[in-house]
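My numbering numbers the first residue of the sequence shown as 9 and each following residue consecutively.
For reference, the structure discussed in these notes is given below.
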Amino acid sequence: MNEQHLEPLKRHPEGRALRAEVDLGRIARNLDRIRAASGGREVWGVVKANAYGHGAVPVGRALASAGAHGLAVSSLEEGLELRQGGIECPILVLGGLRPEALPAASAEGLTIAVVGPEHLAEYAQSLPAHPVRLHLKLDTGMGRFGLLPSELGDCLGDLRRLAPWIEGVMGHFATADDPDQGFALRQRHVFDACLSQLADAGIHPAQRHHGNSDACLRHLVDRDTHVRPGLALFGLTTLPEGRALGLEPALALVAEVARVKHVPAGTTVGYGRTFVAPQPMQIATLACGYADGYRRDLGNRGVAGLEGRTFPVVGRVSMDYLTIALPLDVPIAPGVPMTLFSADPSAPHSVERLAQALGTIPYELTCGLHRRITRRYFP
């Protein structure tokens, strides 16, 4: 995926050429590194939101082939997509399911997170006919899904009835990326106390997993049997521990130049005329816009790569196109590919650097990549 050796993009019937290049070999190596950093624990690889924009089915296949214990998704639909893609490993639906969806989940062998007390009795009635493996989620401090510790005692009767199907217990860190580990350690204490309460009631799940990507990198998984990394699998991390571990970004976003024009000084570009050419230059229009997930607020802030150099995104990003300013002596022509998201973490147009410039996190940029973008996979 070196931008100095990019191949011309294949033109598609609709006349646009835009692709995300995804290196599955890097994802497999990231899995190995995270597993090693987690003390060899089994990995639930999180591939929700279309594998954070990387492509759920190809990434899921790569992770399964590389030895992931299973895959985790957000919804029934995401789980079914993986099954339809021929993926046979365990698939955990993190967002839970209403009881009426259990037959579909059972038919496809999905594993379901129990995210609250609301449907425990209905689950207990349905599971004998539609068995699924369950992972009980505990709210140890995230404040979203999960049984609160104060609710656990009142739920023990229903949980005992569900015990034959409860395979795991899980939680979720709220501040694993914080240098101050105080709150994360409090969450671990709450989790361990709840596990003891379950054990006293005769419920002994085989799996325990509270650790997300940052917890894996910061060694907050000592009492877990499994870990649940997401974004770190794709080599994107805000923690120095991730770089020290050698995690490799796996995605580059590449767009074809649709048109090039030479413009005189004083030419304005784009909606609102927010860019004025300070001297004669070339304006290259690329077939990528905010409908593809390239953020509108990168106008006059982002850069694009060409043969080892970067050039500024100028003017406002529109729905389907954006514009790049280049000096007159730079060879550029329609059909030439330019890199908008670089897989080099040190590049100014890496996902991490762009996220920092926008005051957001890498997740938001990759998750926002639309499915209409062609995805090309490398082994």
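The C-beta atom is built at its ideal place from N, Cα and C for all residues, glycine as well.
Boundaries (first-last residue) of the alpha helix (DSSP H) holding residue 40 | 32-45
Would you call the CB atoms of residue 233 and residue 49 closer than 8 Å?
-> yes
Beta carbon of residue 258 nearer than 8 Å to that of residue 184 = no
Run through DSSP, which three-state label would residue 134 get?
-> helix
According to DSSP, what are the bridge partners of residue 56?
-> Paired residues: none, contrary to the question.
Top-ranked residue by Cα proximity to residue 147, from 186, 236, 72 and 177 | 177
Give the range of the alpha helix (DSSP H) segment to which residue 325 is assigned.
-> Counting along the chain, residue 325 falls outside any alpha helix (DSSP H), and DSSP gives it neither H nor E.
Is it true that the stretch 205-212 meets the stretch 29-39, where meeting means three or more beta-carbon pairs spaced less than 8 Å apart?
-> no
Whole-angstrom distance between residue 72 and residue 139, CA atom to CA atom | 23 Å
Span of the alpha helix (DSSP H), counted from its first residue to its last, around residue 116 = It is not in any alpha helix (DSSP H) - residue 116 carries neither H nor E in the DSSP assignment.
Per-residue burial, residue 319 [other beta carbons within 10 Å of its own, 16 or more giving buried] = buried
In the DSSP assignment, find the alpha helix (DSSP H) that holds residue 207 and state where it starts and stops.
-> 190-208
Same chain only: Cβ atoms within 6 Å of residue 130, ignoring 5 sequence neighbours per side = 107
According to DSSP, is residue 302 helix, strand or coil?
-> coil
In the structure shown, what three-state DSSP assignment does residue 242 receive?
-> helix
Residue 112 versus residue 68 - alpha carbon distance | 20 Å
What first and last residue would you give for the beta strand (DSSP E) that runs through residue 263?
-> 259-271
May I ask you to report which of helix, strand or coil DSSP gives residue 67?
-> helix
Measuring only between beta-carbons, confirm whether residue 142 sits less than 8 Å from chain C.
-> No chain C appears in the structure shown, which is made up of a single protein chain.
Just tell me which of 284, 323, 343 and 302 has its CA closest to the CA of residue 372.
-> 302
Are residue 260 and residue 294 closer than 8 Å when you measure CB to CB?
-> no
Excluding the five sequence neighbours on either side, which residues of its own chain have a C-beta within less than 8 Å of the C-beta of residue 287, listed in chain order?
-> 273
Based on the DSSP output, what are the partners of residue 217 in its beta bridges?
-> 178
Is it right to say residue 238 is buried, meaning 16 or more other beta carbons lie within 10 angstroms of its own, or is it exposed?
-> buried
Buried or exposed by the 16-neighbour rule on C-beta atoms within 10 Å, applied to residue 346 = buried
Beta bridge counterpart(s) of residue 317 as assigned by DSSP | 314
Helix, strand or coil at residue 274 [DSSP, three-state] | coil
Residue of 47, 95 and 26 minimising C-alpha distance to residue 55 = 95
Give the single residue among 78, 65 and 76 whose Cα lies nearest to the Cα of residue 85.
-> 65
Taking all protein chains shown into account, do 16 or more other C-beta atoms lie within 10 angstroms of the C-beta of residue 362, making it buried, or fewer, making it exposed?
-> buried
So, residue 79 versus residue 53, is the Cβ gap smaller than 8 Å?
-> yes
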